[in-house]
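Here is the structure we will look at, set down as structure tokens.
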Ligand code: ADP
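In the working numbering, the protein residues as written are 50 to 538.
Structure, rendered in structure tokens:
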């Protein structure tokens, strides 16, 4: 059990409280029992002394008769009692040692003057002493005692029972408390699991009702209402950016068209033509940004997997590379395409192609002439793994997570075209397909982008499929830089 967990802290506090209460209760019980034993023994001894005084009063002058009277009434040796009667300092009667040797009466000294009755403790014996002034002026001192062995045994038994009983009670309480707290927190655990499973792919999922009718259920309902509001706000924002991009896109296309037409006119002065050319370049760039933003908005409003079909990723990569080969050749970059058997995923073919185009375009863009770009597609476990590796300039470690954010560019001054949306689109497409994208890069040596998508199952394809290789190609090198699939850009 984690020392900081709620269960641990609740059980620990509960046990500490129980321990304190247990110790308090044991101490109170023990002292109260001791007090009770002493007062009841004293009451017995006081009553016995008074009776002895009465008996002794009738046989004071006939000491031979006194002993049988006392022994008949109290049987001191048999019952482990001590009785001594003293008249004017002279011992008139003294009981003998008890038959079971519970105490030794010879150790009890003769009392000196007894002004007030008192209780005296000896080893294994408690004695009450009291003097009475008789009518004829003589002083009668009566000592009556009781063996304490039995009392001590009971007190010891009580102490031992508490000493051993308390830890057992604590262990049982800790075990019971743990089970109860775990049970009470089960709805929280299921809420945590459900919350962890909420992703961009399941925007309409909610936390399950706990049915406990308590504050935990109220918390779940409050969180669900909050998710509802966030979902609505998110949908609203997505719709707004899609609408805005669309509204900007149309006049931009018209402007581009007009400018392209103007640029064909030969009667314009060269400086006007140059200005027109650079304005046209910017308009093209702006349209690309708007197009990309529209693509992102559409991706984020994908409802379910309506458009998903079986796509052979190897064939798609081959086809895309063929179409983009010229780009690489222009820069004198060697291009290695995927080879091997087909790897099939369920997805939107055009979107998946866009992933390949964006990664490939970046690889060529950021690899100097004479370098190499290789694309590989493999099946690993339940995933299809697409890798685009280059021998380009690489990405600094501190930028490797940020490059998937919208509009993030490592160095705008590199003079390369682009608005920092390409990898954001790649990530959105991967997430919308239930997959993820990661990067492993060393500045100056190159980068390796790895896209993992769930393989289409035999049920999806309506047939069996080959077993995947044992080692996932992404795992050993990528594990520390995986971009969490649930993170919405
Ligand atoms: P852009 O379209 O501006 O290239 P991206 O989102 O595609 O935007 O990329 C973001 C940043 O990531 C780029 O500015 C670039 O610095 C860096 N980057 C992307 N791919 C690579 C790569 N293969 N090699 C080096 N840097 C890269």
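For glycine and all other residues, C-beta sits at the position ideal for the given N, C-alpha and C.
Note to self: So for residue 353, helix, strand or coil by DSSP?
What the structure shows: In this prediction, residue 353 has a pLDDT of 48, which is less than 50 and means its spatial position is unreliable; nothing more can be read from the coordinates.
Checklist line | Residue range of the unbroken alpha helix (DSSP H) whose run includes residue 90 | finding: 55-107
Note to self: Please list the terminal residues of the continuous beta strand (DSSP E) segment that includes residue 259.
What the structure shows: Unbroken run through residue 259: none, as it is neither H nor E.
Note to self: Strictly by DSSP, which residues pair up with residue 361?
What the structure shows: 393
Checklist line | Under the three-state DSSP convention, the category residue 514 falls into | finding: Residue placement at residue 514 is poorly supported in this model, since its pLDDT is 45, which falls under 50; the coordinates are not used for a value here.
Checklist line | Which listed residue (388, 231, 207 and 346) has its alpha carbon closest to that of residue 481 | finding: 346
Checklist line | Given residue 96 as reference, the closest of 194, 220, 320 and 229 once Cα atoms are compared | finding: 194
Notebook entry, point to check: If you draw a straight line from the C-alpha of residue 83 to the C-alpha of residue 129, how long is it?
Noted result: 20 Å
Checklist line | residue 273: first and last residue of the uninterrupted alpha helix (DSSP H) it sits in | finding: 264-312
Check: Got a list of residues with beta-carbon closer than 5 Å to any non-hydrogen atom of the ligand ADP, in chain order?
Finding: 411, 412, 415, 441, 444, 452, 458, 459, 467, 469, 471, 472 and 496
Checklist line | Ranges of the alpha helix (DSSP H) found wholly within the region 391-449, counting only runs of at least 4 | finding: 398-414
Margin query: Taking only three categories from DSSP, how would you classify residue 163?
Written below: coil
Next item on the list: Please look up how many angstroms separate the CB atoms of residue 190 and residue 135, rounded, as I've assumed it's under 8 Å.
Entry: 4 Å
Note to self: For residue 426 and residue 243, what's the separation of their Cα atoms in angstroms?
What the structure shows: 33 Å
Next item on the list: Can you have a look at residue 449 and say buried or exposed, based on whether 16 or more other CB atoms are within 10 angstroms of its CB?
Entry: buried
Note to self: If you reduce the DSSP assignment to three classes, tell me which class residue 132 lands in.
What the structure shows: strand
Next item on the list: Assign residue 476 to buried or exposed, taking buried as 16 or more other Cβ atoms, counted over all protein chains shown, within 10 Å of its Cβ.
Entry: buried
Checklist line | Own chain residues within Cβ distance below 6 Å of residue 236, not counting five before or after | finding: 259, 261 and 265
Note to self: Taking only three categories from DSSP, how would you classify residue 491?
What the structure shows: strand
Check: Under a Cβ-count criterion, where at least 16 other Cβ atoms within 10 Å of its own Cβ denotes burial, should residue 417 be classed as buried or exposed?
Finding: exposed
Check: Given residue 178, which residues of its chain have a CB within under 6 Å of its CB, disregarding the five upstream and five downstream residues?
Finding: 160, 163, 167 and 192
Checklist line | Residue from 411, 422, 451 and 405 with nearest C-alpha to residue 478 | finding: 405
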